[in-house]
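One line per chain: the protein sequences are A and B, in this order.
Here this note's numbering is used: the first residue of the first sequence is 7, the next is one more, and so on.
Here this note's numbering is used: the first residue of the second sequence is 265, the next is one more, and so on.
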Amino acid sequence: MQLFWRLSVTVLLAVGEGYGQTHKENPTPFVSAVSGKAFAISKQNPDLAPQKLDQNDSIVYQAPYSLVTSKESFLEIKHQSFDQLYTMRMGQSTGVEFRENSKFYIFQGSLLLAGMGEMSWSLESNVSKAKLTGSGTLIAEVIPVGFKILVLEGSFSTLTSVDDEPMESGDLVLLTGEKGKPSKKIKIELPLLLSTSRLINQFPDPLITQSRLISAAQVQVLRMKSKYNAFIGGVSEDRQLRIWKVPSEQKADK
Amino acid sequence: MRQYDYRPEQVDQFRNRQQQLKQTNSSSRSSHEIAKSDVGLQRPVESKKKGFGYQLGFSSKIYHSNNPLSTESGAQKVSAGIWENTISNNFLLGAYDLRGATFSPVIGLSYTNFTHFGHDVVKEMDFGSLSLNFAGIFTFGKGWSLRPSLGYTADLSLEDSMSRQYSQVSPGIALGKSFSIGKAQSFLEWSMNYTFTNTPGQIVSKDLLDRFETGLTWGIDIPFGDFEFSPFLNLALADYSNQSKTDFTGTFGLNLTYSITDWMALRIYSTLSSRNSSMEFRDFTRLDTGAGATLNARF
């Protein structure tokens, strides 16, 4: 009888361990949505032909590999980093090198990252490198001096300096220079951003963080004091943020 | 003697709350007229840290009622005019993101003065009504909302040194859904509350008007130019705890509002109310028709 119990416990433990190991492994990233043309290119074996990505395709290459979208093309990848499932959306003409877990080298373009739990994102471009820790949804766009980061919901820290305040929903921050030094935060109108962003609206299914995006926008509306008659554009060569003034005959609040 | 358990100002209070939070119900996924981009349009805004807000309002309305005492028949069923002046204060105690839902606590404090004229029977019925209401409004995606609330109302006699004629405390909860139909914004709310009452002058020791109420309110705001047409319908069932009585009340209203500025509006309206009671001589039908002006300041 004692032997029976010992055997039972051993089998249960072995099954439990096996189950845990299976779920600790990172499953292969897969294409949850694609429109237009998108490709995966292996960096380990550059001789391999680019894999044209279709809906529900798994990315078969081992990291590092690159994901590329053409003009008028969008791609959504679902992946798991450690225990956290996250979604990555890529805009038009975007090139991203997927290094490991949540480390990306962005050649050009824009991407959206959304996760329900606490995560760390490493972003690198040819001029800048930044690490963001937090939970939520953000958009990162490559600009000549680094990255433009827009936090749509949640909160992220840059870990550049202990004095840096976390970036909250609605914050636009430029991360510039080799270490990704954060600029002064600018609050952006979230309902307008959400309704005009193709990284939000160009995909058939809502993001896993959709309800959080809506609540962040609703809270911003309730806290709103005023809107400026301007829109933020790109960054000029002398590292100045371009701001376009809206003609006064258009509806203005400030 | 008027019916304390019929509160014609209830729908106005409900509409005020709706108005204050109306802007939050707009969908964030709606397409925008302005050109889209991958990242989206980035317009800088200035926002408060927590979202504390204050609204001061004044409204005056004058209307004709075919049954201001809300009685079934008899000598007290007379036609008269009512002049109603309300000063209201709404404190928005912040807006909080619960990540998937928002929470906005609101405290409302208002005083309404009812002045009757046009018939001898109603001349001594003038009273003031003081209301204090606390509501915590949770809003979820797709226009759903949940509103636990606690309200206190006291009717004060203007003829008798502001003595209290009647008071009630109502804890309640309401589940709401708002949706857009083109430019129009519609809402549906189901509410439940228990009302503890106190009527100092009554002969019996029990508070006869203590009651459980459940109600369904539907309304739609249809804007056209500077006007807004807002019909609404409220159906309520009240079951009285200290007497064998169940009432069914239906209220249908039509409002036409003209906004002169952001802070000033004029309106004409008509409200038809009808109560069907399980107790004899408690039924009534009442039609109020009038016009008013509203001033609102937000800080």
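Virtual Cβ for every residue (Gly too), placed ideally from N, Cα, C.
Give me the Cα-Cα distance between F162 of chain A and K137 of chain A, rounded to the nearest whole angstrom. On the first sequence, residue 162 of chain A is found 156 positions in, with the first residue counted as 1. On the first sequence, residue 137 of chain A is found 131 positions in, with the first residue counted as 1. A direct Cα-to-Cα measurement between F162 of chain A and K137 of chain A gives close to 10 Å.
Please report the straight-line C-alpha distance between K30 of chain A and W127 of chain A, rounded to a whole angstrom. For the purposes of this step, residue 30 of chain A is taken as the residue at position 24 of the first sequence. For the purposes of this step, residue 127 of chain A is taken as the residue at position 121 of the first sequence. Unreliable positioning characterises K30 of chain A in this predicted model, as indicated by a pLDDT of 43, which lies under 50. A coordinate reading is not provided.
Can you give the beta carbon distance from L518 of chain B to P495 of chain B, rounded, assuming they're within the 8 Å contact cut? Reading the second sequence from its first residue, position 254 is the one you call residue 518 of chain B. Reading the second sequence from its first residue, position 231 is the one you call residue 495 of chain B. Confirmed, Cβ separation roughly 5 Å.
For E336 of chain B, I'd like the list of residues in its chain whose CB is within less than 8 Å of its CB, leaving aside the five on either flank, ordered along the chain. In the second sequence, residue 336 of chain B corresponds to position 72, counting from 1. Cβ neighbours of E336 of chain B beyond the five flanking positions: F545, R546, D547 and F548.
Is the region 225 to 232 of chain A touching the region 458 to 474 of chain B in the sense that three or more CB pairs, one from each, lie closer than 8 Å? no
Could you check if R550 of chain B is buried or exposed, using at least 16 other CB atoms within 10 Å of its CB as the buried criterion? Within the second sequence, numbered from 1, the residue matching residue 550 of chain B stands at position 286. By the 10 Å Cβ count, R550 of chain B comes out buried.
Would you mind working out which of A:N235, A:G239, A:L213 and A:L219 sits nearest L362 of chain B, comparing C-alpha positions? As a working mapping, residue 362 of chain B is identified with position 98 in the second sequence. Ranking the options by Cα distance to L362 of chain B, first place goes to A:L219.
With H, G and I counted as helix, E and B as strand and the rest as coil, what does DSSP make of P66 of chain A? Numbered from 1 along the first sequence, position 60 holds the residue referred to as residue 66 of chain A. Inspection of the sequence shows that residue 66 of chain A is occupied by Val rather than by Pro. It is coil, neither helix nor strand.
Which partner residues of P495 of chain B appear in the DSSP bridge assignment? As a first step, residue 495 of chain B is located in the second sequence; it is residue number 231 there, counting from the start. Per DSSP, B:L518.
By the three-class DSSP mapping on this structure, what secondary structure does M426 of chain B have? Locating residue 426 of chain B in the second sequence gives position 162, where the first residue counts as 1. M426 of chain B falls in the coil class under three-state DSSP.
Any chance the CB of S116 of chain A is under 7 Å from a heavy atom of the ligand SAM? In the structure shown, the ligand SAM is absent, as is every other ligand, since no ligand is present at all.
According to a CB-to-CB cut-off of less than 9 Å, which residues of the region 206 to 232 of chain A neighbour chain B? I206, N207, Q208, P212, T215, Q216, S217, R218, L219, I220, S221, A222, A223, Q224, V225, Q226, V227, L228, R229, M230, K231 and S232
Would you mind reading off the limits of the beta strand (DSSP E) that contains I112 of chain A? Counted from its first residue, the first sequence places residue 112 of chain A at position 106. Annotation for I112 of chain A: the continuous beta strand (DSSP E) segment containing it runs K109 to Q114.
Please classify E184 of chain A as buried or exposed, where buried requires at least 16 other C-beta atoms within 10 Å of its C-beta. Here residue 184 of chain A is taken as the residue at index 178 of the first sequence, counted from 1. Label assigned to E184 of chain A: exposed.
Pull out every residue of the region 63 to 88 of chain A whose Cβ sits closer than 7 Å to any Cβ of chain B, in chain order. none
Report the three-state DSSP secondary structure of N289 of chain B (helix, strand or coil). The residue you call residue 289 of chain B lines up with position 25 of the second sequence. Because the pLDDT at N289 of chain B is just 44, under 50, the model does not fix this residue reliably, and the point stays unresolved.
Closest by CA to V151 of chain A, which one among A:S116, A:H85, A:T75 and A:S131? To locate residue 151 of chain A, count along the first sequence from 1; it is residue 145. Nearest option by C-alpha distance: A:S131.
So the candidates are A:L54, A:M122 and A:Q86; which of them puts its Cα closest to the Cα of K109 of chain A? Along the first sequence, one-based indexing puts residue 109 of chain A at 103. Here the closest residue by C-alpha is A:Q86.
Mapping DSSP to helix, strand and coil, what is Q27 of chain A? Stepping through the first sequence from its first residue, residue 27 of chain A is reached at position 21. Here Q27 of chain A scores only 39 on pLDDT, less than 50, and its place in the model should not be relied on; the value that follows carries that caveat. In this structure, Q27 of chain A counts as helix in the three-state DSSP scheme.
Is it true that the CB of G142 of chain A sits closer than 8 Å to the CB of G115 of chain A? The residue given as residue 115 of chain A occupies position 109 in the first sequence. The residue given as residue 142 of chain A occupies position 136 in the first sequence. No, these two residues do not count as a Cβ contact at 8 Å.
Report the neighbours of L199 of chain A on chain B: residues whose CB is nearer than 7 Å to its CB, in chain order. Locating residue 199 of chain A in the first sequence gives position 193, where the first residue counts as 1. What L199 of chain A touches in chain B: G304, L305 and Q306.
Buried or exposed: D424 of chain B, going by 16 or more other Cβ atoms within 10 Å of its Cβ? If you number the second sequence from 1, residue 424 of chain B lands on position 160. The residue in question, D424 of chain B, is exposed, as its Cβ has fewer than 16 Cβ neighbours within 10 Å.
Continuous alpha helix (DSSP H) stretch holding L539 of chain B: start and end: On the second sequence, residue 539 of chain B is found 275 positions in, with the first residue counted as 1. Looking at the sequence provided, one finds Arg at residue 539 of chain B rather than Leu. Careful: R539 of chain B lies outside any alpha helix (DSSP H), inside the beta strand (DSSP E) at M528 to S541.
When you compare the CB of Y234 of chain A with every CB in chain C, is at least one pair closer than 8 Å? The structure shown has no chain C; the protein chains it does contain are A and B.
Residues in the region 98 to 130 of chain A with C-beta within 7 Å of chain B's C-beta atoms, listed in sequence order? Result list: Q98 and S116.
Buried or exposed (CB count within 10 angstroms, at least 16 for buried), R411 of chain B: For the purposes of this step, residue 411 of chain B is taken as the residue at position 147 of the second sequence. With 16 or more other Cβ atoms within 10 Å, it is buried.
Counting only beta-carbon separations shorter than 8 Å, does L204 of chain A have a partner in chain B? Position 198 of the first sequence, counting from 1, holds the residue named residue 204 of chain A. A quick correction: the sequence has Arg, not Leu, at residue 204 of chain A. Chain B contact via Cβ: present.
Going by CA-CA distance only, name the one from B:T379, B:F278 and B:Y268 that's closest to E348 of chain B. Taking the first residue of the second sequence as position 1, residue 348 of chain B is located at position 84. Of B:T379, B:F278 and B:Y268, the residue nearest in Cα terms is B:T379.
Using DSSP with H/G/I as helix, E/B as strand and the rest coil, what is Q256 of chain A? Working through the first sequence from its first residue, we reach residue 256 of chain A at position 250. At Q256 of chain A, the pLDDT of 46 sits below 50, so the modelled position is not reliable; the number obtained from the coordinates is stated separately. In the structure shown, Q256 of chain A sits in coil (DSSP, three-state: anything other than H, G, I, E or B).
Where do the N-terminal and C-terminal ends of the beta strand (DSSP E) with V157 of chain A fall, by residue? Here residue 157 of chain A corresponds to residue number 151 of the first sequence, with the count starting at 1. Residues G152 to S163.
For the pair the region 431 to 439 of chain B and the region 399 to 418 of chain B, tell me if three or more CB-CB distances fall below 8 Å. yes
Going along the region 164 to 180 of chain A in order, which residues come within less than 8 Å of chain B, judged by CB to CB distance? The residues in question are S175, G176 and L178.
With distance defined between alpha-carbon atoms, name the residue in A:L129, A:L178 and A:L247 nearest to K191 of chain A. Numbered from its first residue, the first sequence carries residue 191 of chain A at position 185. For the residues A:L129, A:L178 and A:L247, the minimum Cα distance to K191 of chain A belongs to A:L178.
If you follow the alpha helix (DSSP H) that R229 of chain A is in, where does it begin and where does it stop? For the purposes of this step, residue 229 of chain A is identified with residue 223 of the first sequence, where counting begins at 1. Per DSSP, R229 of chain A belongs to the alpha helix (DSSP H) from Q216 to R229.
Which of helix, strand or coil DSSP assigns to I467 of chain B: As a first step, residue 467 of chain B is located in the second sequence; it is residue number 203 there, counting from the start. Here I467 of chain B sits in coil by DSSP.
Assuming P412 of chain B is part of the beta strand (DSSP E), what are its boundary residues? Here residue 412 of chain B refers to the residue found at position 148 when the second sequence is read from its first residue. Segment W408 to S421, the beta strand (DSSP E) holding P412 of chain B.
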